[in-house]
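Enquirer: The following block contains the structure, expressed as structure tokens.
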Amino acid sequence: MANKFRGAMPGGFNMNQMLKQAQQQMQALQQKQADLAKQEFTYSVGGSAVTITCNGEKVITGINIKPEIIDPEDPEMLSDLILTAVNGVLAQVDAENKKITAGIPGLDNLGKMF
216 MANKFRGAMP GGFNMNQMLK QAQQQMQALQ QKQADLAKQE FTYSVGGSAV
266 TITCNGEKVI TGINIKPEII DPEDPEMLSD LILTAVNGVL AQVDAENKKI
316 TAGIPGLDNL GKMF
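For what it's worth, the numbering used here labels the leading residue of the sequence shown as 216, then goes sequentially.
Dropping the structure here:
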């Protein structure tokens with residue numbers, strides 16, 4: 216006997232409606248992520264001595280280092296400033312991405328299914 220599933224199931228559960236809703240949510244997520252990729256994020260440390268810029272895809276697009284902070288006797292300080300700025304700008308992108316995914320119901324539990 217052929218399966219005559221048409222979407223509605225006992226208890227009001229409609230698989231077709233659920234799949235359609237999931238598809239709409241994925242399209243919304245993809246659009247928001249595309250918009251995020253176009254955004255630019257900037258993070259500065261040391262009174263703007265080091266400024267890092269990246270896009271929403273976490274690609275570093277700019278590094279600005281004020282020449283007066285470059286001390287040949289203390290390269291670790293410059294390394295620390297750069298590291299702090301890179302981590303700061305990437306954290307901004309992560310925070311923005313969390314805002315996007317938080318706006319889509321059920322998305323945060325999706326990873327627990329696998």
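For each residue, glycine too, the CB sits at the ideal point set by N, CA and C.
Along the chain, where does the beta strand (DSSP E) containing E311 start, and where does it finish?
Expert: The count along the sequence shown starts at 1 and reaches residue 311 at position 96. Unbroken run through E311 is the alpha helix (DSSP H), 290-317; no beta strand (DSSP E).
Enquirer: Could you tell me the distance, in whole angstroms, from the CA atom of C269 to the CA atom of N229?
Expert: Walking along the sequence shown from the start, residue 269 turns up at place 54. Walking along the sequence shown from the start, residue 229 turns up at place 14. Computed Cα separation, rounded: 43 Å.
Enquirer: L244 to N279, Cα distance in whole Å?
Expert: What you label residue 244 is simply residue 29 of the sequence shown in a count that begins at 1. What you label residue 279 is simply residue 64 of the sequence shown in a count that begins at 1. L244 and N279: Cα-Cα distance of roughly 33 Å.
Enquirer: Closer than 6 Å: is that where the CB of C269 sits relative to any heavy atom of the ligand COA?
Expert: Absent from the structure shown: the ligand COA. Ligands present: none.
Enquirer: With a cut-off of 8 Å, do at least 3 Cβ pairs link the region 297-309 to the region 249-264?
Expert: Touching, yes, given that three or more Cβ pairs across the two stretches are closer than 8 Å.
Enquirer: Taking the Cβ atom as the reference point for each residue, do I319 and Q240 lie within a distance shorter than 7 Å?
Expert: Working through the sequence shown from its first residue, we reach residue 319 at position 104. Working through the sequence shown from its first residue, we reach residue 240 at position 25. Result yes, Cβ atoms of I319 and Q240 sit closer than 7 Å.
Enquirer: Taking only three categories from DSSP, how would you classify K283?
Expert: Here residue 283 is taken as the residue at index 68 of the sequence shown, counted from 1. The identity of residue 283 in the sequence shown is Glu, whereas the question assumes Lys. E283: helix per DSSP, three-state reduction.
Enquirer: Identify which residue in K247, Q236, I285 has its Cα closest to the Cα of A317.
Expert: Against the sequence shown, residue 317 aligns to sequence position 102. If we check each option's Cα against that of A317, K247 comes out closest.
Enquirer: According to the Cβ coordinates, are I267 and V308 closer than 7 Å?
Expert: Residue mapping note: residue 267 aligns to position 52 of the sequence shown, counting from 1. Residue mapping note: residue 308 aligns to position 93 of the sequence shown, counting from 1. Their beta carbons are not under 7 Å apart, which means I267 does not touch V308 by this criterion.
Enquirer: Looking at the unbroken alpha helix (DSSP H) that takes in N270, where does it start and where does it end?
Expert: Reading the sequence shown from its first residue, position 55 is the one you call residue 270. Here N270 belongs to no alpha helix (DSSP H); instead the beta strand (DSSP E) covers 265-270.
Enquirer: Within the continuous alpha helix (DSSP H) that includes Q236, where are the two ends?
Expert: Walking along the sequence shown from the start, residue 236 turns up at place 21. From DSSP, the alpha helix (DSSP H) with Q236 extends over 230-253.
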